[in-house]
Amino acid sequence: PVNRSPEMQEERLKLPILSEEQVIMEAVAEHPIVIVCGETGSGKTTQVPQFLYEAGYSSDNSIIGVTEPRRVAAVAMSQRVAKEMNLSPRVVSYQIRYEGNVTEETRIKFMTDGVLLKEIQKDFLLLKYKVVIIDEAHERSVYTDILIGLLSRIVCLREKRHLPLKLLIMSATLRVEDFTQNQRLFTQPPPVIKVESRQFPVTVHFNKRTPLEDYSGECFRKVCKIHRMLPAGGILVFLTGQAEVHALCRRLRRAFPLTRHRPQEKDDQKDSVEETRRFKKSRARARKAQAMMLPQISLDNYSVLPAGEGDEDREAEMDDDEEEEALGSDLDLDLGDDGVDGGEQPDASLPLHVLPLYSLLAPEKQAQVFQPPPEGTRLCVVATNVAETSLTIPGIKYVVDCGKVKKRHYDRVTGVSSFRITWVSQASADQRAGRAGRTEPGHCYRLYSSAVFGDFEKYPPPEITRRPVEDLILQMKALNIEKVINFPFPTPPSVEALIAAEELLIALGALQAPPKTERVKQLQRSRLSCPITELGRTMATFPVAPRYAKMLALSRQHGCLPYAITIVAAMTVRELFEELDRPAASDEELATLKGKRARVTQVKRIWAGQGASLKLGDLMVLLGAVGACEYAGCSPQFCEANGLRYKAMLEIRRLRGQLTTAVNTMCPEAGLFVDPEMQPPNENQVTYLRQIVTAGLGDHLARKVQSEDLVDDKWKNAYKTPLLDDPVFIHPSSVLFKELPDFVVYQEIVETTKMYMKGVSTVDMQWIP
Ligand code: ADP
Ligand code: MG
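The opening residue of the sequence shown carries number 236 in UniProt numbering; numbering runs sequentially from there.
So this is what it looks like as structure tokens:
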């Protein structure tokens, strides 16, 4: 029996899914696999595990498992459910890549999908679970898809053993044909239970015209208009990336500042009567709104300045030129064309509580959006795609949708990646609009025309069709799934992607090469079934990309393991350095940025060293940065002073710990530990590390174009790679940018204005076969 507090019980009863409890539980009792669809916020994630718990699916010490595509969700949801059920985190627990609080007593376990995949490798039948819930299946993340494929088989095997396993698939959209109409996946189509959402009507307003470039500016104008003219209610803005989010937050905070001073105390007497009137009106509106939507208001922990302030200095991952452009244009002061937006004159009479929201934002800052805004203010959340489905923000009445999304795009043949901003799908746009109607009727402002909307794709393509799959294929082979091509994918990756993955894994020695005579493309196509090697099995135990796993597997000699682990951890976490090439909001900030850039260039040179060590290039910088940072106690101050991202450093530390444990499990005689005072590698070790890196990145080799081969100016200082016809360049942030070695390997090529190699290291000619 669950002992919930009366308040909690009352809140639960408001959720639409509560009235479906019986229907869902009967379906689960009668069918091995059940699909539950319901709008975000209908209560799937928080309630279904509780239904199962109360129905006894965690009896006999078994566990109810719930997978989430995101770490944040796994942690937050376990906490929320524990609170709702009045149970300790020892009973309702979570497990994510680096950490967890699972105990012997755990009955409900939230985890990321990657964690469950690892568990399947240890215990294919998942015997400790009576139910597994795959949550957020509509996101179609790669691991979700693979898990669904695997679980379709595990359910059958468990049935044969008379130890039935129940599988629940939960989706925020009704797009489930890939699961229900896929005979190979489920021979019997599973029942779909649709939870009626208590969605209020949302009026959709299209723009007459679609702005070509400046959608951030358009967002700004729209928010100003809503805030000045429309009744109380939170505003949710959808933009594409972190930098844009911060720029808009900054601009809105400037336009509608939160101040301690009541506006009538301001010097400007002339407008004070009008201002007082407006202020009172807005306060009254806001109060009314809070009374309506947020019954329990706690203002205890509120300071007037939002704690997210200052965040805008921390642009990080995934910045690219497009984003810079968006940011640049955003900084131009523009006057509204509609006479409503009075430029950027700060207007303290209408305080706006502006909060950013994106996936890399620290969890405690993300949590702020769930708090009621300070009294007398209106909430405005400026978000990326994360607010589309996985988080429900209370009190949103207005949605402003730029209609775009930023995604990493991989070239299928060359693996070159670029960040592209594209139109969203119709399904995503509707999902975004739906966010406005959770608590009362709402409005969605689409900053594009209805004709443009008509041309959107219906649904976003599943992730598995959009990225390289070598990591997945290695994991699947480690599960002894040899004929990957026969695997019941909900949506299979392309045959080209499968072949490319298998070829890479053969080249890395993770899979057995088929006999030479059979290595004809035609045969490959039909087969795709090379078995895994011992090396491959070792590689599969490391939670990193196969190229990096190979490096770890090679590093046993010469005491190189601690260095290889550090380099691999830093390459996996990515974007160790802050983004400093961005426009500044003020002269002061500009000076700070300039100073920092100079400082970073200098420390990079120091960390790269001279002679032998410089040849390891950017990877030596990574090693030096992590070493120096750990030596300094990994303090936020050290990171700040040296242009390092503190959050990245913490992740690297965790991943180093995890990789060290993985290596110690493989070869206990190594006796490794994470040494905060790691000495730099000696000259021999550096050379050996370069060989290891070359082995792992062997397919990422580039040769400098010699001056006598120069056909065209565009090849000046350029490199040639086997797969690309166009020139590639060493990225200006690389320590080898001026060195221009003859041969290099690179971590990745990212295309912005040119194709740039990042994470570059020198290769000796005699190592090239
Ligand atoms: P779904 O999974 O269907 O999207 P959830 O179960 O996540 O829905 O959420 C149901 C409701 O529970 C939400 O509408 C929200 O009001 C509430 N809720 C969820 N998490 C929290 C939280 N951390 N704090 C307060 N309320 C929450
Ligand atoms: Mg959910």
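Positions of the beta carbon are idealized from the N, C-alpha and C atoms, including for glycine. As the structure is a prediction and not an experimental result, all values here were calculated from the model.
- In this structure the segment 297 to 307 lies against the segment 352 to 370, because at least three pairs of beta carbons, one per stretch, are closer than 8 Å.
- Relative to the ligand MG, the nearest heavy atom lies less than 7 Å away from the CB of K279.
- When distances are taken from the beta-carbon of E371 to the heavy atoms of the ligand MG, the shortest one is below 7 Å.
- By the beta-carbon neighbour count (other beta carbons within 10 angstroms, threshold 16), N620 is buried.
- Using a 10 angstroms sphere on the CB of D960, the tally of other CB atoms stays under 16, which defines it as exposed.
- Taking 7 Å as the cut-off, the C-beta of A309 does not count as close to any heavy atom of the ligand ADP.
- Here L746 really is in contact with P766; their C-beta atoms are around 7 Å apart, less than 8 Å.
- Secondary structure at Y683: coil, using DSSP grouped into helix, strand and coil.
- Going by DSSP, F972 is part of no alpha helix (DSSP H) at all; its letter is neither H nor E.
- Here P591 is buried, its C-beta having at least 16 other C-beta atoms within 10 Å.
- The criterion of a C-beta distance shorter than 8 Å is not satisfied by P781 and Q893.
- Judged by pairs of C-beta atoms under 8 Å, the segment 633 to 653 touches the segment 975 to 986, as three or more such pairs exist.
- By the CB criterion at 8 Å, L382 and D348 fall inside the cutoff.
- When secondary structure is reduced to three states using DSSP, M884 falls in the helix class.
- Distance from the C-beta of A662 to the nearest heavy atom of the ligand ADP is not below 7 Å.
- Annotation for D665: the continuous alpha helix (DSSP H) segment containing it runs 661 to 669.
- Taking 8 Å as the cut-off, the beta carbon of I699 is found closer than this to the beta carbon of V377.
- If you draw a straight line from the Cα of V803 to the Cα of S684, it is about 46 Å long.
- The beta-carbon separation of K365 and L400, rounded to 7 Å, stays under the 8 Å limit for a contact.
- For A618, the shortest separation between its Cβ and any heavy atom of the ligand ADP does not lie below 7 Å.
- Secondary structure within the segment 242 to 288: the alpha helix (DSSP H) runs of 4 or more consecutive residues, fully enclosed, are 256 to 265 (chain order).
- DSSP, read as helix, strand or coil, puts M913 in coil.
- Cβ contact annotation for L857 (same chain, cutoff 6 Å, sequence separation greater than five): I802, A805, in chain order.
- Between the segment 883 to 891 and the segment 860 to 869 there are three or more inter-stretch CB-CB distances shorter than 8 Å, so the stretches are counted as touching.
- The nearest non-hydrogen atom of the ligand MG is 7 Å or more from the C-beta of T726.
- By the neighbour-count criterion, in which 16 or more other beta carbons inside 10 Å mark a residue as buried, D816 falls on the exposed side.
- DSSP places E412 in the uninterrupted alpha helix (DSSP H) bounded by 412 to 415.
- A622 has its CB no nearer than 7 Å to any heavy atom of the ligand ADP.
- Distance check between S663 and each of R342, F473, C615 places F473 closest, using alpha-carbon atoms only.
- T275 has its CB nearer than 7 Å to a heavy atom of the ligand MG.
- For G300, the enclosing beta strand (DSSP E) has its first and last residue at 298 to 303.
- With distances taken between CA atoms, R701 lies nearest to R655 out of R655, V337, A264.
- When C-beta atoms of the segment 269 to 281 are compared with those of the segment 428 to 436, three or more pairs fall below 8 Å, so the two segments count as touching.
- The shortest CA-to-CA distance from L587 to any of K712, Q666, Q601, V458 is the one to V458.
- Using a 10 angstroms sphere on the CB of R673, the tally of other CB atoms reaches 16 or more, which defines it as buried.
- For P629, the Cβ falls inside the 7 Å cut-off from some heavy atom of the ligand ADP.
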